[in-house]
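Residue numbers (my numbering): 319 to 473.
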């Protein structure tokens with residue numbers, strides 16, 4: 319996914335969730351690795367951590383809903399090393415990218431996501447939105463963030 323040229327979003331997004339396994343996904347990933355986006359992910363993780371601390375909670379399971387290429391995970395793991403993170407996304411290509419770069423990540427089914435044994439980051443490939451077939455009630459928290467939507471002044 320090394321394409322940095324801005325894709326025709328209207329054309330690709332008409333394909334639904336599979337659009338993230340196309341040039342749209344490549345654009346999204348390349349956009350999310352710049353310094354501004356990494357700072358945004360760091361800030362999101364720190365705000366989440368502060369909220370958990372304020373509430374006196376040490377979350378066991380945290381869902382990153384629509385996790386994309388997983389840029390939030392390293393920041394969360396640094397702050398909450400004993401927490402199990404569950405990344406959900408509709409793009410198998412983006413999930414495979416995450417899994418390829420970290421040995422402590424595994425692809426699991428929705429039923430396996432909340433197992434007590436396993437890796438500290440579990441990835442679930444699912445259609446989004448998916449509120450019917452997933453046991454959200456087992457999670458201590460859910461994060462939904464899109465810092466990639468920062469304005470791009472270079473366009």
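We put the CB at the ideal spot given by N, CA and C, even for glycine.
Please go through the stretch 376-415 and give each complete beta strand (DSSP E) segment of 3 or more residues, from N-terminal end onward.
379-383, 402-407
Starting from residue 357 and walking both ways along the alpha helix (DSSP H), at which residues does that stretch end?
353-372
To which residues does DSSP link residue 442 through a beta bridge?
Note: residue 442 sits in a beta bridge opposite 406.
Within 10 angstroms of its Cβ, does residue 434 collect 16 or more other Cβ (buried), or is it exposed?
exposed
From which residue to which residue does the beta strand (DSSP E) around residue 460 run?
Start and end: 459-461.
May I ask you to verify whether the stretch 370-378 touches the stretch 346-357, counting CB pairs closer than 8 angstroms and requiring at least 3?
In short, these stretches do not touch, since the Cβ pair count stays below three.
With contact counted as at least three CB pairs below 8 angstroms, one residue from each stretch, are the stretch 408-421 and the stretch 362-370 in contact?
no
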